[in-house]
Amino acid sequence: MEFSGPNGHGRFEIDQPTVIFGRDASQCDFALQHPTVSKKHFTIYFKNYKYFLKDLNSTNGTFHNSYKISEVQLQHGDVIHAGDITITFHI
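Under our numbering, the first residue of the sequence shown carries the number 58, and numbering increases by one thereafter.
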């Protein structure tokens, strides 16, 4: 996955069945350091050979290809927004 935001950009590889993303590094597998991101914002998980995105009751919502979601299956090239952070999902 590639991510970008006000504090820079980078890449992150998912190497476990469930990964939690959010602002609080002590509660998440990957920290997104920006005040518009909730402490525990969303999770990406792998089930039945597919990846899924699930919002974790975040304050500002999780967006998948510009649509606010609660849970959705991910495809290669999908764009995720968590606050001011943009993530492009690659399989």
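Glycine included, every Cβ here is placed at the ideal spot set by N, Cα and C.
Practice prompt. Determine the closest residue to Asp7 out of Thr143, Phe103 and Gly79, with distance taken between C-alpha atoms.
Written response: Outside the displayed range of the chain (58 to 148) lies residue 7, so it cannot be described from this structure.
Worksheet item: Grouping DSSP H, G and I as helix and E and B as strand, with all else coil, what is Lys153?
Response: With the chain covering only 58 through 148, there is no way to say anything about residue 153.
Item to complete: Identify the continuous beta strand (DSSP E) that holds Gly79 and give its terminal residues.
Response: Taking the first residue of the sequence shown as 1, we reach residue 79 at position 22. From DSSP, the beta strand (DSSP E) with Gly79 extends over Thr75 to Gly79.
Fill in: Proximal residues to Ala88 (C-beta, below 6 angstroms), its chain only, five neighbours per side dropped
Reading the sequence shown from its first residue, position 31 is the one you call residue 88. The answer, listed in chain order, is Ala82.
Worksheet item: Between the Cα of Ile103 and the Cα atoms of Ser123, His121, Ser115 and Asp72, which residue gives the shortest distance?
Response: Numbered from 1 along the sequence shown, position 46 holds the residue referred to as residue 103. A quick correction: the sequence has Phe, not Ile, at residue 103. When only C-alpha atoms are compared, the closest one is Asp72.
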